[in-house]
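Trainee: Sharing a structure here in C-alpha cells format.
There are 2 protein chains.
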Amino acid sequence: MGISEYISVWDALTDDERRILLAASKEKIFQKGEILHNGSADCTGLIIVQSGQLRAFTVSAEGREITLYRLLERDICLFSASCIMNSIQFELTVTAEKDTRAFVIAPEAYKRVMRTSAALANYTNEIMAGRFSDVMWLIDQVIWKSFDKRLAEFLLNEANMDGTHILRITHETIGNHLGNPREVVTRMLRHFQDEGYVKLSRGTVEIIDPQALAELCR
Amino acid sequence: MGISEYISVWDALTDDERRILLAASKEKIFQKGEILHNGSADCTGLIIVQSGQLRAFTVSAEGREITLYRLLERDICLFSASCIMNSIQFELTVTAEKDTRAFVIAPEAYKRVMRTSAALANYTNEIMAGRFSDVMWLIDQVIWKSFDKRLAEFLLNEANMDGTHILRITHETIGNHLGNPREVVTRMLRHFQDEGYVKLSRGTVEIIDPQALAELCR
Numbered sequence: 002m003g004i005s006e007y008i009s010v011w012d013a014l015t016d017d018e019r020r021i022l023l024a025a026s027k028e029k030i031f032q033k034g035e036i037l038h039n040g041s042a043d044c045t046g047l048i049i050v051q052s053g054q055l056r057a058f059t060v061s062a063e064g065r066e067i068t069l070y071r072l073l074e075r076d077i078c079l080f081s082a083s084c085i086m087n088s089i090q091f092e093l094t095v096t097a098e099k100d101t102r103a104f105v106i107a108p109e110a111y112k113r114v115m116r117t118s119a120a121l122a123n124y125t126n127e128i129m130a131g132r133f134s135d136v137m138w139l140i141d142q143v144i145w146k147s148f149d150k151r152l153a154e155f156l157l158n159e160a161n162m163d164g165t166h167i168l169r170i171t172h173e174t175i176g177n178h179l180g181n182p183r184e185v186v187t188r189m190l191r192h193f194q195d196e197g198y199v200k201l202s203r204g205t206v207e208i209i210d211p212q213a214l215a216e217l218c219r
Numbered sequence: 002m003g004i005s006e007y008i009s010v011w012d013a014l015t016d017d018e019r020r021i022l023l024a025a026s027k028e029k030i031f032q033k034g035e036i037l038h039n040g041s042a043d044c045t046g047l048i049i050v051q052s053g054q055l056r057a058f059t060v061s062a063e064g065r066e067i068t069l070y071r072l073l074e075r076d077i078c079l080f081s082a083s084c085i086m087n088s089i090q091f092e093l094t095v096t097a098e099k100d101t102r103a104f105v106i107a108p109e110a111y112k113r114v115m116r117t118s119a120a121l122a123n124y125t126n127e128i129m130a131g132r133f134s135d136v137m138w139l140i141d142q143v144i145w146k147s148f149d150k151r152l153a154e155f156l157l158n159e160a161n162m163d164g165t166h167i168l169r170i171t172h173e174t175i176g177n178h179l180g181n182p183r184e185v186v187t188r189m190l191r192h193f194q195d196e197g198y199v200k201l202s203r204g205t206v207e208i209i210d211p212q213a214l215a216e217l218c219r
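Note that the protein sequences, when read in sequence, are chains H and B.
If you're matching positions, the first sequence starts at 2 in the numbering used here and goes up one per residue.
If you're matching positions, the second sequence starts at 2 in the numbering used here and goes up one per residue.
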C-alpha cells in the first residue's frame, strides 16, 4: 500500500500534487525505543504509521515525561514536521513504542502541496485539531479534575481488597464507583496504559506499576 | 475598516470568496464581562477583535478557571467557531475582559470558503498552531517546571522585604534571580496579569492579589 491509501483526501489532489508527495515520501522502519523526533529544531517530516506504535510526549526540566498522545496504524504525526507551520512553537519528542513501519514525507514537499491544495490544508487542520483536543483533554482530566488521582486510588484499593493485581472489573463499573461516564474511565485507563501503569485486556485491568499509581495519589 | 483589513490572506481570495465572507460578517459590541462563547455546543462564529480584550479559559468541575490565552486587537478567535472543524472536541469559554468591538463571521460561511481556498485553510492552520503553542507553553511552564510557584514566591518575598506591593524591578533582574530567561519571566508575569494577580507597567510589578500568589506557592 502506498501513501495514497493513507491520505484520505488523495482523490482531491491534482496529478501534480500527488507526484510531489510520492516523490518526497519513503518507507522507514523504526526500532522499538528509537527516537523519531526530538524538539522543535528537528523537522523529520510528516510520519504516517503503517504498523506499530508511536508515542508523543513532552519532557520536564527534571526529566519527567508526560504522554500527549499515541499514534497507531493509519495515524499521522504532524508535529514531527513542525517546520511546515511557522506558528508551531513548542517541543515534543516522538519515539517508537513498538517496531514501527511508516512513511516519512519530506516537510518541504508537504508544505508546498498544502499551499496550493485546500483539501490537504483542511485535512492537516483536522489532524491538528484532533491532537489539540487530545492535549486539552489531558489538561482537563489530569490538571483540573484530578481524575487520575481518584482512579489510581480506586485501582490500588480494589487490588488491595481482592489481594490481586489483576482486577476483573468493567470500565462501566469503575465509572459507577467514581461518578464518571464510562468513556472517561476508558480514556484515563488507556492513558495509564500508555504510561506503563496498567495493562488492559477484555474485562480486566492489570496493575503493572503500583508504585507509580501510589505516587499519583499523593 | 472592514474584515479585509484583518484577514491577512484577503488578497489571495477570489471575488466570490470575499463576497461570501463579507455577507456573513457583522460588527458586534460585547460588554465587559459578557460571555461570547461557552463550550463546544456553542458555535458563535469566528471572532476578529477590532478593539478591546477577550479571554479564553477552561473551567474545572469545581469552578476554578485557567486562562489559556488572551485575544487583543487584530487577534482571531477560532474556537468560538469550533463547528468549522469536526476534530475540535473540547470546551472553552470566551469572555470580554474589556468592552470589545469585533467582527463575527458566521461559521458556515467561513467553513465554505475554507473548503475551496487553500490560502484561508492555511491561514486557519497557522492560527490554530499559534493557540496550540500557547496551550503547550502553559502545560510546560505551569505543570512541569512549576515556574509559576517559584515566581509567585519570589514576588511575595520581594514585597515582604521591601514593605511595598509595588516592586520596582525589571523582568531581566527577576530572570537572573530565578535562573530563567527574561522572555519566560515576561510571559509568566503576563499570565499572572491575565489572572488578576499582578498589574504590570514599565519597570514595576504591582501585586494586586497576594492571597492568590500565596496559594500558588503551596
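Yeah, the Cβ is synthetic: ideal placement off N, Cα and C, and Gly gets one too.
Given the structure is predicted, the values throughout are model-derived calculations rather than measurements.
In angstroms with no decimal places, state the Cα-to-Cα distance between L93 of chain B and G164 of chain H.
Mentor: When rounded, the distance between both Cα atoms is 42 Å.
Trainee: In three-state terms, what does DSSP make of Y124 of chain B?
Mentor: Helix at Y124 of chain B.
Trainee: Run through chain B and tell me which residues come within less than 9 Å of M115 of chain H, C-beta to C-beta.
Mentor: A119, A122, N123 and N126
Trainee: Tell whether a beta-carbon distance below 8 Å holds between L257 of chain H and T125 of chain H.
Mentor: This structure leaves residue 257 of chain H out entirely; chain H is present only between 2 and 219.
Trainee: For G131 of chain H, decide whether its Cβ has a neighbour in chain B, counting only Cβ atoms nearer than 8 Å.
Mentor: yes
Trainee: With DSSP run on the structure shown, which of helix, strand or coil describes L223 of chain H?
Mentor: The question about residue 223 of chain H has no answer, for chain H in this structure spans 2 to 219.
Trainee: If R102 of chain B sits next to I30 of chain B, beta carbons under 8 Å apart, how far is it from one beta carbon to the other, in whole angstroms?
Mentor: Taking 8 Å as the upper bound for CB-CB distance, R102 of chain B and I30 of chain B are in contact here, some 6 Å apart.
Trainee: With distances taken Cα to Cα, identify the nearest neighbour of K99 of chain B among B:R71, B:L152 and B:S118.
Mentor: The residue with the shortest Cα to Cα distance from K99 of chain B is B:R71.
Trainee: Are A57 of chain H and V95 of chain H close, meaning C-beta to C-beta below 8 Å?
Mentor: yes
Trainee: Check the Cβ of M86 of chain H against every Cβ in chain D and list those closer than 8 Å, keeping chain order.
Mentor: You won't find chain D in this structure, because its protein chains are H and B.
Trainee: Please state the DSSP three-state secondary structure of C78 of chain H.
Mentor: strand
Trainee: From which residue to which residue does the alpha helix (DSSP H) around L157 of chain B run?
Mentor: F148 to D163
Trainee: For a contact defined as C-beta to C-beta under 9 Å, what are the partners of S134 of chain H on chain B?
Mentor: S88, I89, Q90 and F91
Trainee: Mind checking P182 of chain B: buried by the 16 CB within 10 Å criterion, or exposed?
Mentor: exposed
Trainee: Let's see if you can read the secondary structure: which residues bound the alpha helix (DSSP H) around A25 of chain B?
Mentor: Per DSSP, A25 of chain B belongs to the alpha helix (DSSP H) from D16 to A25.
Trainee: Can we count R203 of chain H as close to the ligand NAP, meaning its CB is less than 7 Å from some heavy atom?
Mentor: Among the components modelled here there is no ligand, and therefore nothing to report on the ligand NAP.
Trainee: Counting contacts by CB-CB distance shorter than 8 Å, is M189 of chain H in contact with chain B?
Mentor: no
Trainee: For the putative contact between I106 of chain H and L47 of chain H, defined by C-beta atoms under 8 Å, what is the C-beta separation to the nearest angstrom?
Mentor: The C-beta separation of I106 of chain H from L47 of chain H comes to about 4 Å, placing the pair in contact by the 8 Å criterion.
Trainee: To the nearest angstrom, report how far apart I85 of chain B and T187 of chain H are at their CA atoms.
Mentor: 28 Å
Trainee: Can you round the beta-carbon distance between I77 of chain B and S83 of chain B to whole angstroms, since I take them to be within the 8 Å contact cut?
Mentor: Contact doesn't hold; Cβ gap of about 13 Å is too wide.
Trainee: On the DSSP bridge list, what partners appear for T45 of chain H?
Mentor: For T45 of chain H, which the question treats as bridged, DSSP gives no partner whatsoever.
Trainee: Here's the rule: buried if 16 or more other CB atoms are within 10 angstroms of the residue's CB, otherwise exposed. What is D149 of chain H?
Mentor: buried
Trainee: Would G3 of chain B be called buried (16 or more neighbouring beta carbons within 10 Å of its own) or exposed?
Mentor: exposed
Trainee: For F133 of chain H, name the three-state secondary structure that DSSP assigns.
Mentor: Three-state result, F133 of chain H: helix.
Trainee: Hey, how far is the Cα of I208 of chain H from the Cα of L156 of chain H?
Mentor: 8 Å
Trainee: Would you mind working out which of B:A213, B:E184, B:V185 and B:A25 sits nearest Y198 of chain B, comparing C-alpha positions?
Mentor: B:A213
Trainee: Go through its chain and collect everything with a Cβ distance to A160 of chain H's Cβ below 8 Å, but skip five positions before and after it.
Mentor: H166, L168, I208 and P211
Trainee: For N39 of chain H, which of helix, strand or coil comes out of DSSP?
Mentor: Shown here, N39 of chain H sits in a strand according to DSSP, grouped into three states.
Trainee: Strictly by DSSP, which residues pair up with L168 of chain H?
Mentor: In DSSP, L168 of chain H forms a bridge with H:V206.
Trainee: Thinking just about the alpha-carbon of each residue, which of H:L23, H:C218, H:L201 and H:D17 is nearest to the one in P108 of chain H?
Mentor: H:L23
Trainee: How is I8 of chain H classed by DSSP in three states: helix, strand or coil?
Mentor: coil
Trainee: Just to confirm the assignment, what range does the beta strand (DSSP E) spanning K99 of chain H have?
Mentor: T94 to I106
Trainee: Using C-beta distances below 7 Å, list every residue in its chain close to L217 of chain H, excluding the 5 sequence neighbours before and after it, in chain order.
Mentor: D149, K150 and A153
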